[in-house]
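Data block below; observations after.
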Amino acid sequence: MGRSKLPSGWERVDQALEALKAGPPETVPRTPLARLEALRKSLGPLWGGRAAEVLELRPRAVAKFARADEVLLVRRPLEQATALGVARARAARIVARLGPGAGVLDATAGLGADACALAAAELAVVAGELDPELIPLLRHNLGLVDAAARVVRADAARPAVRADVFLADPDRRDGAGRRQGHPESWSPPLSVLLGAAGRFRAACLELAAGTKPAFDLELPAAHSLSWTSLAGELKELTLWCGELAGEERREARVLAPDGSEACLEGRADRPVPRAAPVDPAAGSAPWWIGELDPAVLQSGLAGALLGTPPLAGAGLGFLGEDAGYIAGAELPPSPFYRRFRVLGSAPLDRKRVRRLLAEHDVGPLTVKKRALSEGSRELERRLRGTGRHPGLIVATALPEGRRAFLVEAVEDRDSILPAP
Ligand SMILES: C[S@@+](CC[C@H](N)C(=O)[O-])C[C@H]1O[C@@H](n2cnc3c(N)ncnc32)[C@H](O)[C@@H]1O
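Here this note's numbering is used: position 317 in the sequence shown is 746, and no number is missing along the way.
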């Protein structure tokens, strides 16, 4: 795909970086400082500094751009850019619902991570951005994927482009880079984006992952919310409107780095039972703990997960007050949690835990903890045993007292989460 025409400063940066790649490796200065000095010498202080920054940022951009080795970047917009796996899953949903070739206005395109994934999925993309400094970079990055994609300098609050889908990922930081929690302090504010979205067949508004969906705003009649995680990390809360809305109001979308996706839909008002207080040391083994994916937790769909087959009726429930773990006598593999087989458990005091570790010949420990005031590192130091094997402890507070579970992680073929 061809490269688009850049203004002269960025053109020189692009050429200098291409020349570095093309030259023999021994001619590339080894340290960041030496590279900065060499680039400043050839491009001058301003453009040399920008070129050095691009060079420094490209390895990080691998998580956001398929052609990270060629994109032009600046630091803060790169931090705000959507992760590649999330952007690809979004593009796939738009293609699945509206068909290949549908028109998408990415109204707050930044450096173009979302826009590039949409264009790679052969959607007809128009990328809008208000910041004039970003326009040449956006045009270059998008041009690497789709020479026909248009870039416009435009205000997302007043979209003048015709398209099927309105996509917006508002700026959620203030001028000093601090995160802004309230949707009305974003740029553009959420109420403004909702107004603009209403003029399109469908819309996708990206909200901060931790945003509570208790907006004081009127949402469109057809809408749904998705909490999306990638490789076990919560990435985004998405508001889908119109023809992109899901059947149910809430979804947990669990994405794996290989592109596979599992989606749980439901309503949040299903009660979640408490797990029976089984002590595997006394009761019948095996006994299982499942660590819920953060998308399931945040979406409030744990009750829906436990209430539908194959988990319904399996006697599973939350382990303790904190909703992060489920537990029970049987736990089938699933993409929505990571499984741990319980080897034994003890009250969370040093002597009792050490006795448990000795029974299993465990020495060094990794501790995963919830609902406890101590840090994991502190517990690892305090509890470690003298045995030969490394061990994994899940420590949490139960109504009957604080408890440590010695567990082994199960690598499930069906699970798309990485092993701990
Ligand atoms: C979170 S970033 C978008 C990142 C982008 N989705 C990506 O994946 O690279 C938000 C962008 O919105 C732009 N922006 C803020 N207010 C805007 C407005 N009123 N119209 C258009 N763009 C705006 C900012 O300049 C910033 O680049």
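Cβ coordinates follow ideal geometry from the N, Cα and C atoms, glycine included. Owing to the predicted nature of the structure, the values given are computational and were not obtained by experimental measurement.
Residues near residue i by beta carbon distance below 6 Å, same chain, minus five either side
i	result
R496	L573
T795	L821
S805	V796, K798
R479	V442
S728	W656, R679, A681
9 Å Cβ cutoff met for residue i and residue j
i	j	result
L663	P723	yes
R519	C633	yes
L408	Y754	Residue 408 lies beyond the residue range present for the chain, which begins at 430 and ends at 849; the question has no answer from this structure.
G438	W476	yes
L534	V621	no
A691	W716	no
S763	L734	yes
A445	L468	yes
R900	A697	One cannot answer for residue 900 here, as it falls past the ends of the chain, which runs 430 to 849.
R587	A626	no
E370	R770	This structure gives no information on residue 370, because the portion of the chain shown stretches from 430 to 849.
A536	L619	no
D598	T737	no
L513	A481	no
I718	V823	yes
A553	A578	yes
Chain-order list of residues whose beta-carbon lies under 8 Å from that of residue i (same chain, five-residue window excluded)
i	result
L567	A538, G539, L540, G541, A544, A556, E558, V580
A608	It should be pointed out that residue 608 corresponds to Arg in this sequence rather than to Ala. Counting only Cβ-Cβ distances below 8 Å, and skipping sequence neighbours, we find R601, R602, A637.
Run of the beta strand (DSSP E) containing residue i, from where it starts to where it stops
i	result
P899	Lying before the first or after the last residue shown, residue 899 is absent from the chain, which here runs from 430 to 849.
V457	Unbroken run through V457: none, as it is neither H nor E.
D535	532 to 535
G830	830 to 838
R582	579 to 582
A556	553 to 558
V503	Run containing V503: none; DSSP gives neither H nor E here.
V725	Here V725 belongs to no beta strand (DSSP E); instead the alpha helix (DSSP H) covers 723 to 728.
Residue span of the alpha helix (DSSP H) that contains residue i, given as start and end
i	result
P776	Run containing P776: none in the alpha helix (DSSP H); it sits in the beta strand (DSSP E), 766 to 776.
L812	805 to 812
L785	779 to 788
G639	First-last for G639: undefined, no H or E at that position.
H569	564 to 572
L465	461 to 472
W439	437 to 451
P819	Run containing P819: none in the alpha helix (DSSP H); it sits in the beta strand (DSSP E), 818 to 827.
G732	731 to 736
G624	619 to 626
G539	No alpha helix (DSSP H) holds G539; DSSP gives it neither H nor E.
V491	First-last for V491: undefined, no H or E at that position.
Assumed close pair residue i, residue j - CB separation to whole angstroms, cut-off 8 Å
i	j	result
V524	A550	5 Å
L646	L623	6 Å
G816	A787	6 Å
Chain-order list of residues whose beta-carbon lies under 7 Å from that of residue i (same chain, five-residue window excluded)
i	result
L449	V457
L563	P506, G539, L540
A490	A497, V500, L502, L507
E665	V515, E635, A638, T657
D584	L559
A800	G749, E750, D751, T825, A826
L902	Residue coverage of the chain in this structure runs from 430 to 849, which leaves residue 902 outside it and unanswerable.
E485	P461
E676	E694
P761	P739
P436	P565
P847	For P847, the predicted model reports a pLDDT of 49, less than 50, meaning its position is unreliable and no value from the coordinates is stated.
I'd like the ranges of any alpha helix (DSSP H) spanning at least 4 consecutive residues and lying wholly in the segment 653 to 691.
Scanning the segment 653 to 691 for uninterrupted alpha helix (DSSP H) segments of 4 residues or longer gives nothing; none is fully contained.
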